[in-house]
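Chemist: Mature numbering (1 follows the signal peptide of the UniProt record, and there is no 0) puts the sequence shown at residues -20 to -1, 1 to 569.
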Amino acid sequence: MKLTLLSFVLCSIFSTASWAANDKNDLASFHKEMGGCKSCHTQPGKVSDSETYENQQCKSCHGEYSALANPKLKLDPHASHLGDINCTSCHKGHEKPKLYCNECHSFKGLEMPFNSAQSKEPWDKGWDNDAISKAIAAGPKETTDVIVVGAGSAGFNAAIAAKKAGAQVVLLEKGPFSGGNSMLAAGGYNAVGTAQQKEHKVDDKIEWFVEDTMKGGRYANDPKLVQILAEQSADGIKWLESLGANMDDLKRSGGARVDRTHRPTGGLSVGPHIIDVLRKASVKEGVDTRLNSKVVKLVIDEDQKIVGVVVHGKHSGHYMIAAKSVVLATGGYGFNKEMVAFYRPTFKGMTSSNNITSTGDGIELAKAIGASMTDIDWVQAHPTVGKDSRILISETVRGVGAIMVNKDGNRFVSELTTRDKASDAILKQPEQYAWLVFDNELYKKAKMVQGYDHLDMLEKANTVSELAKITGMKESSLEKTVSNYNRYFKQGKDEEFAREQMPLPLEKAPFYAVKVAPGIHHTMGGVAIDTKAEVLDIQSKPLVGLFAAGEVTGGVHGYNRLGGNAVADTVIFGKIAGTNAAKHALETK
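And the structure:
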């Protein structure tokens, strides 16, 4: 690896906030002085929207993303769960850099080089209707078979499935790197009838999966979609494994009667693992993935059939791509404060665990051409988002044994009830927050918990009494709560809240607690689809050529989503959408 002055700076800047900006105003000026514009650009003024060449130049000079990680640093953006993202996601050539970590976190003491550079308006701010109209009038600049909008799990699965079905595929992502909300998924993937369940001697049935999901959704789900989710869940696991995923760990999520939530071995977060696998698989399959490429219009003909999209590229501007099929995989609207306030006023101002890209774009695109919406006002609050943060404390923590107590140290609900009920229970408590309490055995078992510790989110003590003092809980109450729970564990029966699964007691010091409160996590409603993942119009007829999958859709989860069903949804319906989109495109050429 070449090591220049700049690479040394970039590797070391995060160890202290006292780093002083170089006397050059921005990164581009620095590079220009060292080697000219060609040190970064293949041709000045010719930059792709994905900034592919520029990122390759970064790596050729400074090394691969992972090689820049410094194990001596407690917090290192080069060793994040986002994986191998583009260097230009954070480091900007001609403007103020952006520390992407702090879109979710609040890390202090991390300063980017050239932080004094001038800020610019976001390239994708607002909608330019005049530019959109001109792009349509000019006609398509290129033609493909299938366009997939959004590069999260649903989008990647749709793109890979369409490519495997023989279609040419363009995958468009508005962000500077792929992953979407799926990148933040921490729990797992619900499936029934898998080899993993058989190995662990878990007796499960498709009917149970369906019943649990319908009950969790308060029977407002579309039963046909739920049936597909259950029936194809095991095949979805096999599909991911065929692409290189490890889904061998097994646990139970709230609302499930048995262990059916699959995740990577060792309790790693499922989202980053799956996205890493899908990124590599899409490259191997030859999917044309374009970043910094926002779809701003679905284009239809006089017969209301899809004929393409208008893209707003960061560097290329507005242009049209022609295609017979389009798959919407843009996610929900959980980070769009205006949409949340409109559709679910009671959640106005509530924090969100969602990616900043979850702004409801696909919903608005589909509505503009007459798509029907379903369950659009149903928004889920996850009960355990880190208090005063946007960091989700995974349901896995409760699933593998943590208890939940109020500010006095008393349990107040079954930890494995459905998310809506758990959130409601917390909001009825004094101060509207709770503590998750667990011991060192759980700490060692669930690696994601160690990640929360790394982020300084955990309180730690050698005794339960000491933990109560640190957190402000009543010592006698917390000690009694833990003692009772350990007794319930030994007798196999929770006498207070009928918790069905108690994997671990709370016995081994040190003891831990993390403060949590409900936060917006998932939007159950969205674009209406049928069993082929075709988008429906207001007369419940398919909009020819338009498909959708994942959180942009409604109907699968009903009023409330069970933990583990979202990832399954993205994989199963992503595959269905991609396969049927390819079939439609190839048959109508």
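Even glycine gets a Cβ: it sits at the ideal position worked out from N, Cα and C.
The structure presented is a predicted model; accordingly, all values stated were derived computationally and were not measured.
Would you check whether the ligand SAH has a heavy atom nearer than 6 angstroms to the C-beta of D228?
Modeler: Ligands in the displayed structure: none, and consequently the ligand SAH is not present.
Chemist: Roughly how far, in whole angstroms, is the beta-carbon of A513 from the beta-carbon of F527, given that I think they are within contact range, below 8 angstroms?
Modeler: For the purposes of this step, residue 513 is identified with residue 533 of the sequence shown, where counting begins at 1. For the purposes of this step, residue 527 is identified with residue 547 of the sequence shown, where counting begins at 1. About 5 angstroms; that satisfies the 8 angstroms criterion.
Chemist: Compute the distance between the beta-carbons of T193 and L542, then report whether it is under 7 angstroms.
Modeler: Sequence index remark: in the sequence shown, residue 193 carries index 213 (1-based). Sequence index remark: in the sequence shown, residue 542 carries index 562 (1-based). Yes, the pair counts as a contact, with Cβ atoms nearer than the cut-off.
Chemist: Classify T174 as buried or exposed, calling it buried when 16 or more other Cβ atoms lie within 10 Å of its own Cβ.
Modeler: Locating residue 174 in the sequence shown gives position 194, counting from the first residue. It is buried - the Cβ of T174 has at least 16 other Cβ atoms within 10 Å.
Chemist: Let me know if N560 comes out buried or exposed under the rule of 16 or more other beta-carbons within 10 Å of its beta-carbon.
Modeler: Counting from one through the sequence shown, the residue named residue 560 turns up at place 580. Label assigned to N560: buried.
Chemist: Would you decide whether D239 is buried or exposed? Buried here means 16 or more other CB atoms lie within 10 Å of its CB.
Modeler: Here residue 239 refers to the residue found at position 259 when the sequence shown is read from its first residue. With 16 or more other Cβ atoms within 10 Å, it is buried.
Chemist: With 16 other CB atoms within 10 Å as the buried threshold, where does I343 fall?
Modeler: As a working mapping, residue 343 is identified with position 363 in the sequence shown. Classification for I343: buried.
Chemist: Within this structure, are the beta carbons of S233 and G499 separated by less than 7 angstroms?
Modeler: Position 253 of the sequence shown holds residue 233. Position 519 of the sequence shown holds residue 499. For S233 and G499, no; Cβs fall outside 7 angstroms.
Chemist: Is the distance from the Cβ of A141 to the Cβ of V149 below 7 angstroms?
Modeler: As a first step, residue 141 must be located in the sequence shown, where it is residue number 161. As a first step, residue 149 must be located in the sequence shown, where it is residue number 169. Their beta carbons are not under 7 angstroms apart, which means A141 does not touch V149 by this criterion.
Chemist: Where in the segment 100 to 136 do unbroken runs of the beta strand (DSSP E), each at least 3 residues long, occur, reported from the N-terminal end onward?
Modeler: With a minimum length of 3 residues, the continuous beta strand (DSSP E) runs that stay inside the segment 100 to 136 are 126 to 129.
Chemist: How big is the Cα-Cα spacing for C81 and K231?
Modeler: On the sequence shown, residue 81 is found 101 positions in, with the first residue counted as 1. On the sequence shown, residue 231 is found 251 positions in, with the first residue counted as 1. One C-alpha to the other measures close to 29 angstroms.
Chemist: Does the pairing of the segment 367 to 381 with the segment 207 to 225 give three or more beta-carbon distances under 8 angstroms?
Modeler: At 8 angstroms Cβ cutoff, the stretches do not touch.
Chemist: Quickly, what does DSSP pair G288 with across the bridge? List them, please.
Modeler: For the purposes of this step, residue 288 is taken as the residue at position 308 of the sequence shown. V279 and A302.
Chemist: Does the count of Cβ pairs from the segment 452 to 459 and the segment 384 to 398 closer than 8 angstroms reach three?
Modeler: Cβ pair count under 8 angstroms is three or more, so yes.
Chemist: Would DSSP call K387 helix, strand or coil?
Modeler: Within the sequence shown, numbered from 1, the residue matching residue 387 stands at position 407. The answer is coil: DSSP assigns K387 none of H, G, I, E or B.
Chemist: Of the choices D29, L523, S86 and E31, whose alpha-carbon is the least far from that of E282?
Modeler: Counting from one through the sequence shown, the residue named residue 282 turns up at place 302. When each option's Cα is compared against that of E282, the closest is L523.
Chemist: Is the segment 306 to 321 touching the segment 291 to 298 in the sense that three or more CB pairs, one from each, lie closer than 8 angstroms?
Modeler: The segment 291 to 298, when compared against the segment 306 to 321, does not touch it at the 8 angstroms Cβ threshold.
Chemist: Comparing C-alpha positions only, which one of A111, G538 and L55 sits nearest to K277?
Modeler: Here residue 277 corresponds to residue number 297 of the sequence shown, with the count starting at 1. When each option's Cα is compared against that of K277, the closest is A111.
Chemist: I'd like the list of long-range same chain contacts for L62, defined as Cβ closer than 8 angstroms, with 5 residues on each side in sequence excluded.
Modeler: Along the sequence shown, one-based indexing puts residue 62 at 82. Excluding sequence neighbours, L62 sits near Y80, F157, G159, M163 and P252.
Chemist: Assign F327 to buried or exposed, taking buried as 16 or more other Cβ atoms, counted over all protein chains shown, within 10 Å of its Cβ.
Modeler: Taking the sequence shown and counting its residues from 1, one reaches residue 327 at position 347. It is buried - the Cβ of F327 has at least 16 other Cβ atoms within 10 Å.
Chemist: Taking the continuous alpha helix (DSSP H) assigned at I556, which residues delimit it?
Modeler: Residue mapping note: residue 556 aligns to position 576 of the sequence shown, counting from 1. N545 to E567 is the span of the alpha helix (DSSP H), which, as asked, contains I556.
Chemist: Under the rule that 16 or more other beta-carbon atoms within 10 Å means buried, what is S374, buried or exposed?
Modeler: Numbered from 1 along the sequence shown, position 394 holds the residue referred to as residue 374. Buried, by the Cβ-count rule.
Chemist: Output the distance between the C-alpha atoms of C70 and K78, rounded to the nearest integer angstrom.
Modeler: Counting from 1 along the sequence shown, the entry for residue 70 is found at position 90. Counting from 1 along the sequence shown, the entry for residue 78 is found at position 98. One C-alpha to the other measures close to 5 angstroms.
Chemist: Since residue 615 and Y313 should fall inside the 8 angstroms C-beta cutoff, what is the C-beta to C-beta distance between them, to a whole number of angstroms?
Modeler: Residue numbering for the chain in the displayed model covers -20 to 569; residue 615 lies beyond these limits and cannot be assessed.
Chemist: Would the beta-carbon of N170 fall within 7 angstroms of that of G544?
Modeler: Taking the sequence shown and counting its residues from 1, one reaches residue 170 at position 190. Taking the sequence shown and counting its residues from 1, one reaches residue 544 at position 564. Result yes, Cβ atoms of N170 and G544 sit closer than 7 angstroms.
Chemist: Please classify I371: does DSSP put it in a helix, a strand, or coil?
Modeler: Taking the first residue of the sequence shown as position 1, residue 371 is located at position 391. I371: coil per DSSP, three-state reduction.
Chemist: When DSSP labels each residue in this structure, what does A1 get in the three-state scheme?
Modeler: What you label residue 1 is simply residue 21 of the sequence shown in a count that begins at 1. At A1 the pLDDT is 41, less than 50, meaning the model places this residue with poor confidence and gives no usable figure here.
Chemist: Assuming A405 contacts V515 (C-beta within less than 8 angstroms), just tell me the rounded distance between them.
Modeler: Residue numbering aside, residue 405 sits at position 425 when the sequence shown is read from its first letter. Residue numbering aside, residue 515 sits at position 535 when the sequence shown is read from its first letter. 36 angstroms between Cβ atoms; not a contact.
Chemist: Less than 7 angstroms between C-beta atoms, sequence neighbours within five positions excluded: which residues of the same chain meet that for D3?
Modeler: Against the sequence shown, residue 3 aligns to sequence position 23. Residue confidence for D3 is low, a pLDDT of 46 falling below 50, so the modelled location carries little weight and cannot support an answer.
Chemist: DSSP state of Q37, grouped into three classes?
Modeler: On the sequence shown, residue 37 is found 57 positions in, with the first residue counted as 1. Q37: helix per DSSP, three-state reduction.
Chemist: Thinking C-beta only, is V532 closer than 7 angstroms to G506?
Modeler: The sequence position of residue 506 within the sequence shown is 526, counting from 1. The sequence position of residue 532 within the sequence shown is 552, counting from 1. Yes.
Chemist: Can you name, in chain order, every residue of its own chain whose Cβ lies under 7 angstroms from the Cβ of F315, other than the five neighbours on each side?
Modeler: The count along the sequence shown starts at 1 and reaches residue 315 at position 335. Cβ neighbours of F315 beyond the five flanking positions: S332, N334, N335, I336, S338 and T339.
Chemist: So, at 6 angstroms on beta carbons, what are the nonlocal neighbours of Q177 in its own chain, with the 5 sequence-adjacent residues on each side left out?
Modeler: The count along the sequence shown starts at 1 and reaches residue 177 at position 197. Cβ neighbours of Q177 beyond the five flanking positions: D184.
Chemist: Kindly list the residues whose CB is nearer than 6 angstroms to the CB of Q212, restricted to its own chain and excluding five residues on each side of it in sequence; keep chain order.
Modeler: Translated into positions along the sequence shown, residue 212 becomes position 232. Cβ within range, chain order: I552.
Chemist: How about V275 and G288: do their beta carbons lie closer than 7 angstroms?
Modeler: In the sequence shown, the residue the question calls residue 275 occupies position 295. In the sequence shown, the residue the question calls residue 288 occupies position 308. Result no, Cβ atoms of V275 and G288 do not sit closer than 7 angstroms.
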